[in-house]
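In our numbering, the protein residues as written are 950 to 1271. All residues carry an ideal CB built from backbone N, CA and C; glycine is no exception.
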Ligand code: ATP
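So, in structure tokens, the structure goes:
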């Protein structure tokens, strides 16, 4: 293994920089060159790249986002785009390739492996924490801490004005951010894509609400079937005219910010093991951390969504928010 490529792909996530740094520094210790391609598969198609050295990754471990930038590439999903990406790999004579991204990015890597024999390893980088084969994805811990901090602030104003806030958090297919932050913030209810009767539960729950306590936080994952925070908020305004109901969409602040300590450490571990995996000849595998142990999961298994949330966590939330 003499020369490897590296991209960050899909949605950005805090901690990606820590992972980039770990890949580059580990590779350096093994006398392996690293070429970083900008904007995910787009940079691979356009051969838009930078030689990553120790100095290019200095002073980035604490910064959110990704210095390699990231993108969703529709061109990579065409045969012409794929062909151009393969030509770039050949031009650089790369022996290995590391992709930091989510399930879509790993699907892309699998498609690439059908066209080129390059060995590829993935590091899970997505705030959604929705990959099989790891308890933790890069970005998730910072995102739930950002959400918790924001909702704490919303709670202060909700309490002062006796308002109900319907707060939308990220999660197109997964309610993990909503569930964790709801427990952390003492939210009164959640609505998530994985459970189909959350709205009915909310209506039922309201009957038991104390009249004296008027501030409530209802957290809605963006992929909820009832139209997100606007859908729920506008419905509740009609159904519950006795309450002052406000809608708040946290949006892209959830993707930014300095990564937490846990994020930096786990991202560093994953970057280190991604290089070791390539050295050991593994390919089409994602590095993961399960029960504090590093493990590898084939891409085709990692990208299968877990449909069910941990029922114990849901029960804990239901009991604590009753
Ligand atoms: P996030 O979880 O943050 O959304 P992601 O990696 O899942 O991250 P996607 O937009 O789903 O983000 O995928 C990133 C890129 O991977 C796509 O823009 C596309 O270029 C590539 N990709 C995804 N699926 C395929 C596929 N089936 N074939 C080829 N390329 C793909």
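| said: Considering just the uninterrupted stretch of the alpha helix (DSSP H) at residue 1101, what are its terminal residues? | reply: 1089-1110
| query | If you draw a straight line from the alpha carbon of residue 1141 to that of residue 1169, how long is it in whole angstroms? | reply | The straight-line gap from Cα to Cα measures roughly 6 angstroms.
| task | Give me whichever residues DSSP pairs with residue 1235 in a beta bridge. | result | 1071, 1246
| query | Where does residue 1080 sit, in a helix, a strand or coil, going by DSSP? | reply | coil
| Which ranges does the alpha helix (DSSP H) cover as unbroken runs of at least 4 residues, wholly within the region 983-1021, from first to last along the chain? | 990-995
| Option in 1250, 1201, 1238, 1036 with minimal Cα separation from residue 1217 | 1238
| Given 8 angstroms as the limit, is there contact between the region 988-1002 and the region 1177-1185, that is, 3 or more CB pairs closer than that? | These segments do not touch.
| query | Beta carbon of residue 1025: closer than 7 angstroms to some heavy atom of the ligand ATP? | reply | yes
| request: Return yes when the Cβ of residue 956 is within less than 8 angstroms of the Cβ of residue 1038, no when it is not. | output: no
| field | Contact belief for residue 1097 with residue 1133 at Cβ below 8 angstroms, rounded distance in angstroms | value | The C-beta distance from residue 1097 to residue 1133 rounds to 5 angstroms, short enough to meet the 8 angstroms contact threshold.
| task | Take every Cβ of the region 1097-1116, pair it with every Cβ of the region 1162-1176, and state whether three or more of those distances are shorter than 8 angstroms. | result | yes
| query | CB of residue 1028 to nearest heavy atom of the ligand ATP: below 7 angstroms? | reply | Outside the cutoff, so no.
| field | Own chain partners of residue 1330 with C-beta closer than 8 angstroms, once the 5 adjacent residues on each side are dropped | value | Because the chain here runs from 950 to 1271, residue 1330 falls outside it and cannot be looked at.
| query | Considering only the beta carbon of each residue, do residue 1130 and residue 1093 sit closer than 8 angstroms? | reply | yes
| In terms of residues, what are the limits of the beta strand (DSSP E) holding residue 1052? | Taken as a continuous stretch (DSSP letters only), residue 1052 belongs to no beta strand (DSSP E), being part of the alpha helix (DSSP H) at 1052-1064.
| query | I think residue 1058 touches residue 1048, with their Cβ atoms under 8 angstroms apart; what is that distance to the nearest whole Å? | reply | Indeed they touch by this definition, with Cβ atoms about 5 angstroms apart.
| Boundaries (first-last residue) of the alpha helix (DSSP H) holding residue 1268 | 1260-1269
| said: Whole angstroms are fine: how far does the CA of residue 1013 sit from the CA of residue 1044? | reply: When rounded, the distance between both Cα atoms is 29 angstroms.
| request: Report the partner residues of residue 1195 according to the DSSP bridge assignment. | output: 1114
| request: Run the proximity test for residue 1060: is its beta-carbon closer than 7 angstroms to any non-hydrogen atom belonging to the ligand ATP? | output: yes
| request: Enumerate in chain order the residues of its own chain whose CB-to-CB distance from residue 1257 is below 7 angstroms, with the five nearest sequence positions on each side excluded. | output: Counting only Cβ-Cβ distances below 7 angstroms, and skipping sequence neighbours, we find 1143.
| query | Per DSSP, what kind of secondary structure is residue 1132 in: helix, strand or coil? | reply | Note: residue 1132 maps to helix in three-state DSSP.
| Residue from 1147, 958, 965 whose Cα sits closest to the Cα of residue 1219 | 965
| said: For residue 1147, which residues in the same chain have their Cβ closer than 6 angstroms to its Cβ, ignoring the five residues on either side in sequence? | reply: 1140
| query | Does the distance from the C-beta atom of residue 1106 to that of residue 960 stay below 8 angstroms? | reply | Result no, Cβ atoms of residue 1106 and residue 960 do not sit closer than 8 angstroms.
| Where does the unbroken beta strand (DSSP E) through residue 1165 begin, and where does it stop? | 1165-1170
| field | Selected residue, minimal CA-CA separation from residue 1234, among 1200, 982, 1046, 1172 | value | Nearest option by C-alpha distance: 1046.
| query | The alpha helix (DSSP H) with residue 954 in it runs from where to where? | reply | For residue 954, no alpha helix (DSSP H) run applies; the uninterrupted beta strand (DSSP E) run containing it begins and ends at 952-957, by DSSP.
| query | residue 1150 and residue 967: beta carbons closer than 8 angstroms? | reply | no
| message | Quick check on residue 1123: does DSSP put it in helix, strand or coil? | response | coil
| query | Under 7 angstroms from any heavy atom of the ligand ATP, does the C-beta of residue 1085 make it? | reply | no
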